[in-house]
Every structure is written in C-alpha cells, then in structure tokens.
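Below is one structure; the comments refer to it alone.
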Amino acid sequence: MQTSFSADQLRDPAIADADRVLRTCVHYGFCTATCPTYVLTRDENDSPRGRIDLIRAMLERGGAPEPPTVHHLDRCLSCLGCQTTCAAKVDYARLIDVARAHIESNFRRPLGDRLLRGFIARTLPHPTRLRVALRLGGFARPFARWLPGRLGAMAELASDRARAAPGPAAGVYAAAGERRSRVLLATGCVPSVLGGHVHAAALRVLRRHGCEVVVDADAGCCGALSLHLGREREARELARANIAAWAAHAGDRDAGGVDAIVVVTSGCGTTLKDYGRWPGGEAAARQGALVRDVTEWLDALGVRPDGSVPRYRVAYHDACSLQHGQRVTEAPRRVLSAAGFDLHEVPERHFCCGSAGTFHLLQPELSRTLGKRKGGHVDAVGADIAAAGNLGCIVQINRHAATPIVHTVELVDWATGGPRPEALAGMALRAPRTEAVPPAHTDHPISPPAAGGDVGVW
Amino acid sequence: MNQTSLESFFSDVGRALGTAGVNRSAETVRRYAEHTMACGDIVPSGVVYPASTADVQAIVRAAGRHGVALYPVSTGHNIGLGSKAAARAGQVVVDLGYRMNRILEIHDKLAYAVVEPGVSYQMLYDELVRRGDKLMLDVTSGPPQGGMIGNALDKGAGYTPYFDHFGFSCGLEVVLGNGEVLRTGDGALDSATLANWHTSKYSFGPILDGVFAQSNYGIVTRMGVWLLPRPPVVRSFHFTFPDDSDLGTIVDLCRPLKMSNFVPTLFRVANDLYLCGSEGESPEYAASGGERSISDEGRRALRAKHGLGAWTVSGAFYGPSVAATEPMIQRVREHFGQGGKATYIDHADAPRHAALQVAINAFSGVPSLGELGLLKWRPGGGNLWFLPGTPMDGAVANEFQTICRRIYEAHGLDYMVMNVCGPRFARGLHVLAFNRESAGERARADACYRAMSEAVAGRGVFVGRAPIQYHDHHMAQTMASYRDTCGAIKSALDPAGVIAPGRYGIG
Ligand SMILES: Cc1cc2nc3c(=O)[nH]c(=O)nc-3n(C[C@H](O)[C@H](O)[C@H](O)COP(=O)(O)OP(=O)(O)OC[C@H]3O[C@@H](n4cnc5c(N)ncnc54)[C@H](O)[C@@H]3O)c2cc1C
Ligand code: SF4
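Chains as they are written, first to last, in the working numbering: chain A, 1 to 458; chain B, 1001 to 1507.
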C-alpha cells in the first residue's frame, strides 16, 4: 500500500514504524474471513484491511482522529487472527499499537469512557488495588445483570474468583529429585490475583519434572494491559520495572540466572516474548528470548503421567495470544496427549472467544456474542473437560459454555500426581474410552474415530 | 445499465432482503474491486447478501426486471484468478458466503456432505473432526477459507483420490437466469423426497451439472460433496532431484505409479522456487529492482538452504498402520531410486521443510496456510495463475518447461511451477508473482501470461482455468462452434444476460 507521510512525520519513530508496516499490506483480503468483527458485521471498517486503511488515513492526517475511526479501532480485539492468515506478513500488532497510542494522545473520549479506561489502567496492573476493587465489586455482582453494558461486565468480573486461592509465596523452590533446570515462574498482575491456583499447579508440575523454580516478589505487570489501552508510556514504565526486577535472574547461569522464564498466562507471554523489540536494551532482549509458555517448557522436558487419571476427553481451546501472538499450537496438544488425555479440537479454533484482555470490559456486547459462539463450539465437542492456556479465555468460556474449563497446566498437574483441578471438584465425569490410539495422521494428534460403524476399510 | 435502473434494482432487493441484504458503502465497493491480477481494479455497483435460495431468486428476478448484471461469489478467495472482483466493472456482486453458510447435511454412512456456498474448507473440516474425524474432505493447498462450491464451479482441485472437486461433487441446486430453481442429477425427480440426489451423478436425461462449471448460466445455492473415509495412517514420501531437466525423468517415473493407482494421491512435482518461495522473499528482487529473473546461483543457494531439489516430488500412501505402508514405501523408493539421482526425504523428516508440510496437509485433507507465503515472493501483491497442462510424457513435459522458463526469463519474472501429476495428464500450476504497484512489472506479467498462452496453444495445449482478466482472451482461442454453443446455452438459460456476463468469455 502506498503512503504519503511527510519527512517531518517520518522523523517520529512510531510513524516510521507504521509506515513500514502499512507498505507491506497489499490487500489480498485473506484476513477478512478470519477477523471476528468482520465476520459478525460484514462492515469493511470492522475488518483488518479496513482498519489498516483507517489507521493510514488517521496517521497521515495527524491530530485528532475522527470519532468513527476511533469507534472501529476500539472494536478491534487485538486477537491477531488477521496476522496469522496474512500472506504478506503484515505486522498488524505493531500497527494497532501505534494507532492506539495516537488515539490516546490525540482524542478526547467522552467522560464515561475516560473514567472507565482510567480506572482499568490504574487498577488491573496493580495486584493490591485489584484485590480491593474485586472485593468492592463483589458487592455489585448480584446486580450485574441489571447494570448497563460495561458496568455490568465489570461487576461480572468480580466473580467469586475474588476469593480465589492465593498463589505460591515468593521464594526458591527445589526440584523434586534431580535438578534438570532452573526457571522463573512469572506471576504478573491480574494472574497473580485471579490465577493463584494455576500458579500453584504450574509450580508443582515444574518441580515434579525436575525444575528448580524461582517465584519472584518484585515483578509486576508486563505492560500488556496498558499497551492495549494505548498508554504506551505507562506500558514502557511497567516493562522497565519488570526488566529491572528480573535482571539478576536473566543473567549468567553460573550467577544464578535461569534457563527460562515460564509464563502460564499467554496474554502476558506474548508481550514478555516481545520485550526484545522494546527500548530496554540488551537486558530486555535477553529476557524476551528466555520466555516460554509453560506448555513449551513441559513439552521440552517430557511429561511423565503417573497413570492415576483416566483418559478423559479434553477439548483444547487455542487462546489467541498463544496461537496467533506466539504461534504456539503444537506444544499444548502434545503435552495434553502425553499426559494421557483424549484430545479433541474445538471447531473454528482460529476464532477469538471475545475475552481479549480488557476488550470484554470495554466492548461487552461484541464480547458476549463471540463468547456465546465459542461456548457453543466448545460444548458441541461433547468433551468432559475444556482446557486453555490463558486466564481471560478460561473466565470467558466458563461464562458461556456448560463444559467445565481449566488451565492446561492444571490437567497436567493432575495427571502427574497433583490434585484434581478445583473447577472439577464434585463433578461426575463420564467413563473414558478405552480403545487404543492409532498413530496421529497430521501434524497434531487428533483422537481416533469412535469404535464401531466405520465407514471405510483400510 | 443506467443509474435509474440500478437504483430501482437495489430498492427492490432491499425490500425483499431487508437492509442487511444490500451494501453500497464506498469502502465495501472499493474492497470488492480489488484483486491480484495485472489489470486495474474492477469496481462493482454494490454488493448484495442473500440468506436463502428464495433471496437469490428475488435478486435474479430483480436484475432481470431492471437489466442489471450480477456476479456471484461464494467464499470469494479466488486469489490469482480474480479474488472477489466481478467479470466487468459495474456488475453487482452477489456475495453468497456471508449469510448462506450452513452445512445442510453430513451423511456419515454414505460419506457425503451437502453445503451452501459460504461453507469453507476450514468449516467443513472442523465439523468432520468434531464428528469423530471419520471422513476426509479433499482440500486445496490454497486458502482454508476458500470453499467447496466456488472452487468446484471453477474446476479447482486438490491432491487426494477425491482431488477433482467438480467430479466429486454430486447434485446441485441452481437458480437460473430467469429466476427458476433447477435440481440436477437425481434431484430432478419431481418429488418431495430425494433419496439419490447426492449419491448418484448419472441419472435420467442429459448431465446438466457440467454446464454450470466455468460458465455463467446459473447461481448454485447448494451442492453435495463426496467424502473419503479417513485412512488411519497417511504416510508421505518425497524425493528431490538436482537438475531442471530431471522433470522429464520424474514425470516418466510417476506415470506407471498412477496408471495402476499404486500411489493413491496425485503427485506434487514442484520446482525449487515454488517450494522455497513459500518460505521467504526473493533474495535478488531488491538488487535487480524486479527487472530480472533470479539467477541460477541464487536458485542453487536457495535449494542448499532449504535442502530441496531443482524439482521435488511428493506423494503419499494410505493404510491401516505404519507397518502396512512400509512395503509400499520400499517399493516407491526403489522405483524413484532408478538412475541414482533421487534423494529420499521420509515422512517424519519432511515437516522440517515448511513446504513439504503443506504437501502432507494436502494429502491428509487438512486445510493450511503454508503455501500462501508464495504470494510474498515479490512485493506489491501481484499474482496470476497460468494453468496449462501436459500429457504425462517426460519429453513433452521438459519441452514445455523449456518454453515457459524462457518466456518467464524474457519478462524478468521467476519460473515458479508445480506439476500435479495423474496417470495421463499433469496440470502445470504456473505462479506469476509480480509487483502490482509497479506499472512496468504489471505490464511484463500481463505480456508474459499472454506469450505463454499463445506459445502453448500453438502446440495444442489449452488452459484448465484462468484469471478473469483473460477469459475473453481464452474464449477467442476456441473453435467457432464451441463459442456458438456456449452462447446458445446462455440465451436459453439466462435470456436477459443477468448472470456474470463475460465470465469465461460467455455473454
Ligand atoms: C497459494 C495459493 C494456492 C492455491 N492452491 C490451490 C489449489 O491447490 N487448488 C485450487 O483449486 N486452487 C488453488 N488456489 C486458487 C484459489 O485460491 C482457490 O481455488 C480458492 O478455493 C477459490 O476461491 P473460493 O473457493 O473462495 O471460490 P469463490 O471465489 O467463491 O468462487 C470462484 C468463482 O466461481 C464462481 N462462483 C462462485 N460461487 C458461485 C456460485 N454459487 N454460483 C455460480 N458461480 C459461482 C465465481 O465466478 C467466482 O469468482 C490457490 C491460490 C493460492 C493463492
Ligand atoms: S486483531 Fe482480530 S479483531 Fe483486530 S483486525 Fe485483526 S482479526 Fe480483526
């Protein structure tokens, strides 16, 4: 795509970046078919190509953006489904970040919007504030269905998770048996409040598989939440604090450095892996390179089930941040299969569930429509359990599907000697299938046909 | 088509379909005009979104009343052949995929599916997996969001035994140019229950299905697709050959394996750039400013980097177990080993090469994105497919290689080809990747296409499918009586000429 930025505009590194990305878009249009908002609305301005055009016009013109432009860019989930499908490999992630930062600095939103976004930005990345807010929000929860759009969504978030189990305390936890590696378990901000049980499961699994695990008290939000709200400066500050807090761990192994920074919430993982692109120098790049999703690390270590958990049917949901942001699709499947589960694919796996960071709070209607669609697909699988690698997806799917959903690592923990996941407590699960598994026929393992009634003879 | 009649058409359609059925926004119209071909954008008058066969009838009748020309697309991913763009500017795009995207039936016992136009390969694949993964759909190695109806009607193809997408479709529902609905095959029986509509292709009377492929005689609203029982094991094999001229040897080696159907899949015989092109951009484009084809040294370096040959041949066996396929693998290794030039890459090793994973997916009926990387070989988004074929005779295949390679080079473009080989015939998928933003390169791509088309036609070879930009050009290459017959059918089925005038050079 041709652009027409002035030399003066191009001196701004963000605009120069945007210009580079915009020029790579050649309008093939593969992206539109996988963009959730375009599929729902068929409005060109709600498609990746349409948004790219809007961003180009907004940045070329400079100054305050038009309200319709802001409207359509706000409705982008940052799911990056478009980026996976794009044959021209357009770096849409970078482009939408630049656009959001431009809107944030140049557009005066209506008062309600400003208050809500300010509240989110000042609360979610800070665990203590978030805990207080959730406790207060808990009181509003019974009224959630009567509260209008975004307020209702906020109240819903303050679910009974506000009273969720705390995560592991800071410290260094020894490997069970022979030490095979030393890792840092990143606990983050929202995940540290809502995902204590997931961190505890990850800690157990990692130790059981020979990892010495460092749980760190000083690190906080990775910056993703602020970044997606267009608050680039705040995002950078949070990232800088994180990088500083982890500097010692990311150093030389002989001096206590870790082999990997393990993340259980893929939304954070995507941003953490990207630290190399942020102006944080070599330390940031080194840290970014160390980041692994927990399933990637377990896949490398080799999962060792103890055989005590039956072969339940598990529907695996690909979180966008894992499949599109990090391109990690095989490791979670291999890990679940290795743990002994009967793995099933969810139809329309490339499609976002509508949680998308803070999207479900800011665009509750679209989020709900997508949540229902995903929930329907998850239930249609007919699995006993659903699994995902991102907390946001788990909360969203839990809301819209009848199938109980847990974090992938909770299942691996259970299958390797840990407790039954909390979300499955007291639930009667079907007797699993017993027939043998033929070898996988594709790049990822898919369950074999049910016994009996085969259509063909081989 | 004047403005008043257009306005009347859109208001009639709006009344019949509701406001959600019509889109004339400037952004939408601009987008549906885009494509990857060597000509300028083809701007339609608007887009309509039917939700049912009755809606399609209403649209066609309104078009007939007001003299408006329509252009139907299903999933609209006809990349390199026209995308969503209409045959001529000003036509109204009937985008069937948005609201007519239901899988109407999957018959697990008789192994077929019945779909509406918007059902994509990915959607049907997902649904089949959800139902236990017992049935396998033949897919293309192109866009997973492309679909069965649009692809079959354009005579698209895949790579498994059910590769011939029109051949393995069974039973159409078509809205004709006069607004009437026609059911083909056994569906023609005037009955409320139709037992064999999607199980028997040849029924009483003439086979009408064929006239709706690569034509403009009707709008298809429903189609049956046959499915193959999924084999428990798909085991691929791949051989690389070092020299361009090895194509002849490969073709002669593939022929007997397909003649007896010892190998159940088609063979994908791809040259170095077709495979390496999916994995990166041309390393020499910037230096030559797109003026020259990539050098032989450049190609050799790419082959070394990716561990692939001047030609690489891929196929697959199906079987009940890995062990059961072992003797067949041994047999095929001995066969390709004759002459000592082939290097074997086995199934387990192949996925290290992203381009070979594309082949494995295609043989396994799994839609995937891998091959779309081809489009990025040169910047600027230009892509045309030139689709002639050769008899499965090595000497002839080599002769066509020499001719086309020379024409590509004369136009400063890069020879990127995959020959898809059956027993008697190989379709040569020639990719023209060019910078559509450069007027010079666009003109060279156009001239290259036309030169190849003339050169092969001069030797008795026709194309099997073509970018819409060249439909008139190719129709002009046919004999007069063929053109007259096509015209006569058009007059009979679509007397007002409302459906896609110009598509495949008809009407
Ligand atoms: C890298 C790459 C690889 C590819 N590989 C393959 C391959 O392996 N095999 C292959 O076949 N193609 C391949 N293609 C070409 C093309 O992208 C696919 O064929 C694609 O499936 C066609 O688009 P579609 O299915 O969305 O059909 P559509 O675009 O919906 O339809 C194609 C055309 O058919 C007509 N049509 C569609 N629906 C109707 C209807 N209901 N009634 C009447 N007429 C209708 C229209 O003229 C339309 O333009 C490839 C393309 C690329 C870029
Ligand atoms: S990030 Fe997701 S919602 Fe946004 S344009 Fe891309 S596909 Fe659409």
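The beta-carbon is built from N, C-alpha and C at its ideal position, and this holds for glycine as well.
Buried/exposed call for residue i, threshold 16 Cβ in 10 Å
{"i": "Pro1144 of chain B", "result": "buried"}
{"i": "Lys374 of chain A", "result": "buried"}
{"i": "His1003 of chain B", "result": "The residue you asked about is not His; residue 1003 of chain B is Gln in the sequence shown. So Gln1003 of chain B counts as exposed."}
{"i": "His441 of chain A", "result": "With a pLDDT of 40 at His441 of chain A, under the threshold of 50, the predicted position of this residue should be treated as unreliable, and no value is reported."}
{"i": "Phe1212 of chain B", "result": "buried"}
{"i": "Arg1299 of chain B", "result": "buried"}
{"i": "Leu1425 of chain B", "result": "Looking at the sequence itself, residue 1425 of chain B is Phe, so the reference to Leu does not match. It counts as exposed."}
{"i": "Met1479 of chain B", "result": "exposed"}
{"i": "His1200 of chain B", "result": "It should be pointed out that residue 1200 of chain B corresponds to Ser in this sequence rather than to His. Answer is exposed; the Cβ neighbour count stays below 16."}
{"i": "Leu1429 of chain B", "result": "buried"}
{"i": "Asp172 of chain A", "result": "Checking the displayed sequence, the identity of residue 172 of chain A turns out to be Val instead of Asp. Exposed, by the Cβ-count rule."}
{"i": "Thr1221 of chain B", "result": "buried"}
{"i": "Gly371 of chain A", "result": "buried"}
Residue closest to residue i, alpha-carbon to alpha-carbon, out of the options
{"i": "Ala283 of chain A", "options": "A:Ala202, A:Asn242, A:Ala64, A:Arg94", "result": "A:Asn242"}
{"i": "Ala1188 of chain B", "options": "B:Val1175, B:Pro1351, B:Gly1205, B:Gly1179", "result": "B:Gly1205"}
{"i": "Val1438 of chain B", "options": "B:Arg1378, B:Ala1026, B:Thr1193", "result": "Correcting the residue identity first, residue 1438 of chain B is Ser in this sequence and not Val. When only C-alpha atoms are compared, the closest one is B:Arg1378."}
{"i": "Arg1099 of chain B", "options": "B:Tyr1112, B:Gly1082, B:Gly1090, B:Gly1118", "result": "B:Gly1118"}
{"i": "Arg61 of chain A", "options": "A:Ala99, A:Pro36, A:Arg94", "result": "A:Ala99"}
{"i": "Ser1169 of chain B", "options": "B:Ala1500, B:Asp1209, B:Phe1239, B:Pro1232", "result": "B:Asp1209"}
{"i": "Leu301 of chain A", "options": "A:Val335, A:Gly167, A:Ala319", "result": "A:Val335"}
{"i": "Ala386 of chain A", "options": "A:Glu365, A:Asn106, A:Asp342, A:Val328", "result": "A:Asp342"}
{"i": "Ala239 of chain A", "options": "A:Thr270, A:Val213, A:Val258", "result": "A:Thr270"}
{"i": "Cys25 of chain A", "options": "A:Arg42, A:Asp43, A:Thr3, A:Ala7", "result": "A:Thr3"}
{"i": "Leu1104 of chain B", "options": "B:Ile1207, B:His1165, B:Met1223, B:Thr1019", "result": "B:Met1223"}
Residue-level contact to chain A via CB, residue i, 7 Å cutoff
{"i": "Leu1128 of chain B", "result": "no"}
{"i": "Thr1053 of chain B", "result": "no"}
{"i": "Glu1034 of chain B", "result": "yes"}
{"i": "Arg1300 of chain B", "result": "no"}
{"i": "Leu1372 of chain B", "result": "yes"}
{"i": "Ala1111 of chain B", "result": "yes"}
{"i": "Gly1231 of chain B", "result": "The sequence given here has Pro at residue 1231 of chain B, not Gly. By this cut-off, Pro1231 of chain B is an interface position."}
{"i": "Gln1469 of chain B", "result": "no"}
{"i": "Leu1356 of chain B", "result": "no"}
Contacts around residue i, its chain only, beta-carbon distance under 6 Å, and the 5 residues preceding and following it disregarded
{"i": "Cys1254 of chain B", "result": "Phe1267, Cys1421"}
{"i": "Glu1371 of chain B", "result": "Ser1141, Ser1278, Val1358"}
{"i": "Asp413 of chain A", "result": "Ala201, Arg204, Val205"}
{"i": "Thr69 of chain A", "result": "Leu54, Met58"}
{"i": "Glu232 of chain A", "result": "Ala101"}
{"i": "Asp1393 of chain B", "result": "none"}
{"i": "Leu1273 of chain B", "result": "Asp1414, Met1416"}
{"i": "Ser47 of chain A", "result": "Thr32, Cys35, Tyr38"}
{"i": "Pro1423 of chain B", "result": "Lys1258, Met1259"}
{"i": "Pro1388 of chain B", "result": "Gly1428, Val1456, Val1461, Val1463"}
Cβ shell of residue i (< 7 Å), same chain only, five flanking positions each side left out
{"i": "Pro1242 of chain B", "result": "Gly1309, Ala1310, Lys1341"}
{"i": "Ile1250 of chain B", "result": "Phe1241, Val1269, Trp1311, Val1313"}
{"i": "Pro168 of chain A", "result": "His199, Ala200, Leu203, Val215"}
{"i": "Ala401 of chain A", "result": "Gly375, Val378, Asp379, Ala386"}
{"i": "Cys393 of chain A", "result": "His317, Ala319, Cys353, Ser355"}
Cross-chain neighbours of residue i in chain B, by beta carbon under 8 Å
{"i": "Pro347 of chain A", "result": "Met1123, Asp1126, Glu1127, Val1129, Arg1130"}
Proximal chain A residues relative to residue i, where beta-carbon distance stays under 8 Å
{"i": "Asn1023 of chain B", "result": "Arg42"}
Closer than 7 Å to chain B by CB, residue i
{"i": "Ala57 of chain A", "result": "no"}
{"i": "Phe119 of chain A", "result": "no"}
{"i": "Arg20 of chain A", "result": "no"}
{"i": "Pro445 of chain A", "result": "Residue confidence for Pro445 of chain A is low, a pLDDT of 38 falling below 50, so the modelled location carries little weight; the figure read from the coordinates is stated next. No, Pro445 of chain A lies away from the interface with chain B (no Cβ there is under 7 Å from its Cβ)."}
Contact list for residue i against chain A, beta-carbon separation under 7 Å
{"i": "Thr1028 of chain B", "result": "Glu44"}
Interface partners of residue i on chain B, CB under 7 Å
{"i": "His27 of chain A", "result": "Glu1034, Gly1381"}
{"i": "Gly50 of chain A", "result": "Glu1027"}
Neighbourhood of residue i by C-beta distance below 8 Å, restricted to the same chain and skipping five residues each side
{"i": "Leu1275 of chain B", "result": "His1306, Leu1308, Thr1312, His1353, Ala1355, Leu1356"}
{"i": "Arg1333 of chain B", "result": "Phe1237, Tyr1344"}
Where residue i meets chain B, residues with beta-carbon distance less than 9 Å
{"i": "Phe351 of chain A", "result": "Within chain B, no residue comes near Phe351 of chain A; the closest Cβ sits about 10 Å away, beyond 9 Å."}
Within chain A, the residues that residue i reaches when beta carbons sit closer than 9 Å
{"i": "Ile1079 of chain B", "result": "Tyr28, Gly29, Phe30, Ala87"}
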